[in-house]
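Residue numbers (the numbering used here): 29 to 645.
Where a beta carbon is used, it is the ideal one built from N, C-alpha and C, also for glycine.
Working notes for the structure below.
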Ligand SMILES: [Zn+2]
């Protein structure tokens with residue numbers, strides 16, 4: 029009979045091999061990018077095959093039943109339970125289901141190829157000519173171009189994705205996904221998917237979203253009324269709204285976030301919060317270069333676990349694409365360190381008897397994982413943190429007026445932006461609820477627009493089917509995860525604020541998160557974690573309250589927070605994070621705590637960044 033140790037050893041070998049290939053391919057560490065990609069594909073397939081094999085799930089179930097019957101040690105029972113839970117998230121029991129799932133992957137691949145071939149862009153309102161543009165460029169035009177006709181053209185370019193994907197395979201994907209979802213016990217695909225990824229039903233998730241809609245409606249309507257009074261009725265149109273609420277202080281605040289100081293600020297803040305990395309090894313590759321993947325991420329090439337009496341620390345890699353010398357890059361680098369450093373703290377502290385509990389893929393809740401990273405990076409936006417830590421090269425603190433200006437700019441559209449995120453979730457749910465024989469392109473578009481008008485009072489600046497998540501298999505029926513994560517972040521913030529009076533430099537935060545949120549890995553569900561820490565059921569109240577504040581109210585709260593922060597002692601101790609931290613740039617190691625204290629690593633890093641800034645200027 030298979031044992032938990034067999035499963036742990038087999039899995040670990042496959043996981044480590046795949047992650048090594050992943051890092052090489054994504055960081056562009058070899059000259060032969062194609063060979064690196066092929067090596068990754070091969071290792072990824074081997075891991076997937078292991079996870080999806082129905083006979084492995086059957087063997088794990090049998091071993092678990094036997095362990096329970098014969099009173100095996102608790103660690104063996106817990107570990108086998110974890111393996112059953114994980115294999116169940118990947119394996120499909122019935123042959124018919126597996127066949128359908130494989131067919132859906134083919135359909136999704138064809139849809140993704142078609143979508144990749146789409147000629148994205150906008151029709152220039154002056155020349156009438158079509159100008160190719162990426163979705164990022166279109167987004168920037170909509171939020172920053174002062175010419176309304178150009179913004180409208182950009183929005184129309186984005187909206188054109190909807191009929192295009194509907195004509196190119198999305199409807200068939202929806203039909204087959206629903207068939208699979210119902211076959212496997214859900215009311216539809218959405219319902220089946222969320223039971224697997226979040227351990228929650230569709231009903232539970234949307235009850236939370238309904239709560240959020242109720243809690244933000246008044247504020248959204250007030251924002252609309254204010255804007256209409258200021259700028260006229262057309263302000264609610266999708267190409268005007270985002271532009272009207274976007275206020276940007278990145279440039280003004282830039283001098284107070286020197287890139288060179290980002291590592292030290294992160295280390296000091298996390299040490300002050302009592303965050304520890306439990307002997308893990310961390311490699312940070314923060315600066316952009318050719319051949320490197322274009323999005324920041326955090327992976328765990330070696331998962332942490334307790335192997336009998338032996339603690340097996342994690343190995344963690346995280347990356348960003350900051351460009352030294354570019355406006356806003358210092359803040360972005362700092363935010364990345366807080367965010368990815370939060371994921372790293374989470375996964376390096378999982379202390380369970382098998383590695384299945386500490387890997388970041390299913391059945392680990394992505395929403396709950398994001399609560400950790402987003403909670404920690406939210407501290408960076410707080411007035412007390414900025415007043416204490418955000419200083420320019422001369423060591424002068426950011427002026428109070430500039431801190432408040434930033435708060436006002438981000439607060440104004442908060443409730444509305446949340447509702448726009450939720451519109452995507454409600455629209456996707458509505459698509460899967462259309463009966464098969466009524467599923468047409470017209471009907472889908474009608475449902476999407478109805479949701480947007482109900483929630484936003486107009487069409488959305490981000491048409492639902494232009495969001496790539498809805499198309500791809502792994503990210504479909506998932507967008508609500510971002511909203512749930514925000515709920516968790518604000519509930520967690522409110523808990524610490526009420527209990528301890530502050531978040532910045534609060535030394536109780538690290539140990540409490542370690543004990544409640546991090547140590548159990550994926551052995552608990554999202555709502556159970558939130559309730560265990562805060563004593564409250566998971567709810568939208570804290571998020572709705574925060575988003576519904578007027579800019580004046582947010583500033584008043586910040587002033588009170590600043591007043592209180594005078595009592596909070598500054599952290600002057602040694603920066604000891606309890607792990608080995610190396611800063612790398614591709615194959616080059618810039619500095620490492622392997623051979624020097626953290627402060628020295630920060631100095632070397634600062635020197636290297638300044639060199640890069642001069643080189644880039
Ligand atoms: Zn994240």
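- In this structure, the CA atom of residue 250 is about 41 angstroms from the CA atom of residue 299.
- With a 10 Å radius around the Cβ and a threshold of 16 neighbouring Cβ atoms, residue 133 comes out exposed.
- Within the model, the alpha-carbon separation for residue 55 versus residue 326 is close to 12 angstroms.
- Every residue whose beta carbon comes nearer than 6 angstroms to a heavy atom of ligand 1 appears here in chain order: 367, 371, 398 and 401.
- Annotated as proximal: residue 333 and residue 340, with beta-carbon spacing under 8 angstroms.
- Apart from the 5 residues on each side of it in sequence, residue 139 sits with its Cβ closer than 8 angstroms to the Cβ of 193, 196, 197, 198, 201 and 499 in its chain, given in chain order.
- Here residue 192 carries a helix assignment [DSSP, helix/strand/coil].
- Closest by C-alpha distance to residue 373, out of 42, 162, 512 and 540, is 540.
- Comparing C-alpha distances from residue 338 to each of 383, 314 and 329 shows the shortest one belongs to 383.
- With 16 or more other Cβ atoms inside 10 Å of its own Cβ, residue 228 counts as buried.
- For residue 326, the uninterrupted beta strand (DSSP E) run begins and ends at 325-330, by DSSP.
- Sorting 566, 531 and 551 by C-alpha distance to the C-alpha of residue 405 places 531 at the top.
- Spanning the alpha carbons of residue 625 and residue 292 requires a straight line of approximately 12 angstroms.
- The residue from 564, 490 and 346 with its alpha-carbon nearest to that of residue 171 is 490.
- Residue 112 is positioned such that its CB atom lies no closer than 8 angstroms to that of residue 640.
- Per DSSP, the continuous alpha helix (DSSP H) segment holding residue 366 begins and ends at 357-376.
- In terms of Cα proximity to residue 47, the closest of 454, 330 and 570 is 330.
- No Cβ-Cβ contact shorter than 8 angstroms links residue 578 with residue 447.
- Across the set 95, 563, 240 and 127, the C-alpha of 240 shows the shortest separation from the C-alpha of residue 454.
- The region 602-612 makes no contact with the region 36-46; the number of CB pairs closer than 8 angstroms stays below 3.
- With contacts defined by Cβ atoms closer than 8 angstroms, residue 610 and residue 311 form a contacting pair.
- Proximity to residue 216 across 458, 305, 538 and 89 peaks at 458, based on C-alpha coordinates.
- Secondary-structure assignment with DSSP links residue 335 through a beta bridge to 338.
- For residue 282, same chain residues with a beta-carbon under 8 angstroms away, outside a window of 5 residues either side, are 355, 356, 358 and 359 in chain order.
- In this structure, the straight-line span from the alpha carbon of residue 564 to that of residue 37 is close to 39 angstroms.
- Judged by pairs of C-beta atoms under 8 angstroms, the region 578-591 touches the region 428-439, as three or more such pairs exist.
- Excluding the 5 residues flanking it on each side, residue 468 has same chain C-beta neighbours closer than 8 angstroms at 199, in chain order.
- The beta-bridge partner set that DSSP reports for residue 609 consists of 310.
- Here residue 380 is buried. Its C-beta has 16 or more other C-beta atoms within 10 Å.
- The beta carbons of residue 614 and residue 317 sit closer together than 8 angstroms.
- Short of 6 angstroms from the beta carbon of residue 570, and not among the five residues preceding or following it, lie these beta carbons of its own chain, in chain order: 518, 519 and 522.
- Shown here, residue 568 sits in coil according to DSSP, grouped into three states, outside any helix or strand.
- Under the criterion of beta carbons closer than 8 angstroms, residue 177 and residue 290 do not qualify as touching, at roughly 40 angstroms.
- Scanning the region 412-464 from its first residue to its last, the whole alpha helix (DSSP H) runs of 4-plus residues come out as 428-439 and 442-460.
- One Cα belongs to residue 119, the other to residue 79, and the distance between them is close to 7 angstroms.
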